[in-house]
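Have a look at the structure below, then the notes.
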Amino acid sequence: MFDLFGFFNSKPSTKSIAKERLKLVLVHDRTNCSPELLELLKEDILNSISEHIDYDPQNMDIKITRTRDDESGKPVLVASIPIKNMKR
Amino acid sequence: MGESIVITSGKGGVGKTTTTANIGAALAMEGKSVCVIDADIGLRNLDIVLGLENRIVYDIVDVVTGVCRIKQALIKDKRFPNLFLLPAAQTKDKNAVTPEQMKELVEDLKKTHDFILVDCPAGIEQGFKNAIAGADRAIVVTTPEVSAVRDADRIIGLLEASEIHDPRLIVNRLRVDMVKRGDMMNVEDITDILAVDLIGVVPDDEEVVMSTNRGEPAVFKDNALSGMAFRNISKRIMGEDVEFLEFDVQESFFEKLKKAFSFGK
Chain X
0 MFDLFGFFNS
10 KPSTKSIAKE
20 RLKLVLVHDR
30 TNCSPELLEL
40 LKEDILNSIS
50 EHIDYDPQNM
60 DIKITRTRDD
70 ESGKPVLVAS
80 IPIKNMKR
Chain H
0 MGESIVITSG
10 KGGVGKTTTT
20 ANIGAALAME
30 GKSVCVIDAD
40 IGLRNLDIVL
50 GLENRIVYDI
60 VDVVTGVCRI
70 KQALIKDKRF
80 PNLFLLPAAQ
90 TKDKNAVTPE
100 QMKELVEDLK
110 KTHDFILVDC
120 PAGIEQGFKN
130 AIAGADRAIV
140 VTTPEVSAVR
150 DADRIIGLLE
160 ASEIHDPRLI
170 VNRLRVDMVK
180 RGDMMNVEDI
190 TDILAVDLIG
200 VVPDDEEVVM
210 STNRGEPAVF
220 KDNALSGMAF
230 RNISKRIMGE
240 DVEFLEFDVQ
250 ESFFEKLKKA
260 FSFGK
């Protein structure tokens with residue numbers, strides 16, 4: 000049967016669920032950094048920059064990852080925070 | 000002087016042994032002299048996958064303990080002039096070989112072969128440490144499942160810690176139909192997460208099961224997609240620039256529409 004309902008429902012595909020879950024668990028695996036600690040870290044970073052910068056909270060991304068550029072293979076903290084305006 | 004490559008994955012059952020057998024055979028078909036070592040002591044399997052299980056006299060433990068010379072233990076694959084197997088011991092355990100002995104053994108074999116492929120046991124314990132001891136580089140095998148990818152990530156970290164840099168990734172058993180439906184991670188999703196370079200993608204293929212049943216590597220089959228994938232991997236190992244196979248994994252029109260209609264995550 001043609002899946003008309005499935006066509007309009009907005010359930011994420013199982014692969015995106017897999018990807019999201021993996022990303023979360025790997026943060027923990029790679030650094031022994033719990034999700035709570037990462038949340039705390041995020042808050043602190045945002046608190047300290049919000050004094051100077053008006054940022055876009057919708058499109059920002061703060062994560063612990065491994066980069067191809069870093070030869071050592073050590074995890075890095077990557078923060079991508081779109082700037083709306085500098086506060087003066 | 001040859002080059003040694005360890006084939007590892009962390010998780011069991013993702014296809015390390017099949018991969019080792021097929022890449023070994025493919026390299027031999029290219030005219031290279033290849034020695035495949037089964038480092039999974041106690042759970043010997045590379046011999047049966049290659050169809051050489053009836054020809055074993057001596058094994059790796061016999062070699063490192065001096066019971067026999069390397070040459071006596073090597074089994075020559077009659078189908079290829081240049082493929083040799085050093086089988087694992089079946090009655091000993093993972094501690095029967097030390098990392099130092101492994102290193103020495105691999106160094107010795109490098110003098111007489113172009114490539115030494117080491118089939119690593121699953122896990123991250125002593126067996127893993129032994130298997131990677133003599134490796135110049137590493138190939139990490141994973142499948143598009145959360146458990147396999149997670150373990151691959153762990154293994155990549157451990158390889159790095161053991162000074163084996165820049166491992167290459169094989170995504171094994173990719174189900175193109177499921178990727179199309181959005182129900183399986185695609186290759187990009189996986190390389191994205193693991194942040195390592197790809198050396199090959201092997202589609203899920205019944206031919207691999209059937210070839211293994213017969214004890215013949217799938218690379219024998221000219222028309223098998225999996226065999227082609229393994230042949231391409233072996234060419235990339237030799238330094239050739241081979242394009243990745245297209246498995247027709249473009250998202251279908253409906254998938255795209257679905258995405259357009261679903262807002263947020």
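Each protein sequence line maps, in turn, to chains X and H.
Residue numbers for the first sequence follow numbering that gives the first Met the number 0, so the first one is 0 and each next one is one higher.
Residue numbers for the second sequence follow numbering that gives the first Met the number 0, so the first one is 0 and each next one is one higher.
In this text, a Cβ means the ideal position worked out from N, Cα and C, and glycines have one as well.
Contact list for V96(H) against chain X, beta-carbon separation under 9 angstroms:
Listed along the chain, the chain X residues whose CB falls inside 9 angstroms of the CB of V96(H) amount to none; the nearest CB is some 27 angstroms away.
Helix, strand or coil for P98(H) per DSSP?
helix
To the nearest angstrom, how far is the alpha carbon of L42(H) from that of K22(X)?
So the two alpha carbons sit approximately 33 angstroms from each other.
Limits of the beta strand (DSSP E) - the one that V170(H) falls within
For V170(H), the enclosing beta strand (DSSP E) covers residues R167 to L173.
Are the CB atoms of M59(X) and P34(X) within a distance shorter than 8 angstroms?
No, Cβ-Cβ distance for P34(X) and M59(X) is not below 8 angstroms.
Flag this pair as touching only if the region 26 to 38 of chain H and the region 109 to 118 of chain H have three or more C-beta atom pairs under 8 angstroms; answer yes or no.
yes
DSSP on A88(H), reduced to helix/strand/coil?
In the structure shown, A88(H) sits in coil (DSSP, three-state: anything other than H, G, I, E or B).
When M0(H), R230(H), E215(H) and V218(H) are compared against D107(H), the one with the closest alpha-carbon:
M0(H)
Identify the continuous beta strand (DSSP E) that holds S233(H) and give its terminal residues.
Unbroken run through S233(H) is the alpha helix (DSSP H), L224 to I236; no beta strand (DSSP E).
Residue nearest to A25(H) in terms of C-alpha spacing, selected from L73(H), L116(H), A137(H) and A194(H)
L116(H)
For T17(H), I'd like the list of residues in its chain whose CB is within less than 7 angstroms of its CB, leaving aside the five on either flank, ordered along the chain.
Around T17(H), the same chain offers V48, V207 and T211 as residues with beta carbons nearer than 7 angstroms, after the five sequence neighbours per side are excluded.
Kindly indicate which residue of G214(H), D150(H), V63(H) and I131(H) has the alpha-carbon position closest to the one of E162(H).
Of the candidates G214(H), D150(H), V63(H) and I131(H), I131(H) places its Cα closest to the Cα of E162(H).
Taking just the CA atoms, how far does D176(H) sit from P56(X)?
37 angstroms
Is it right to say T90(H) is buried, meaning 16 or more other beta carbons lie within 10 angstroms of its own, or is it exposed?
exposed
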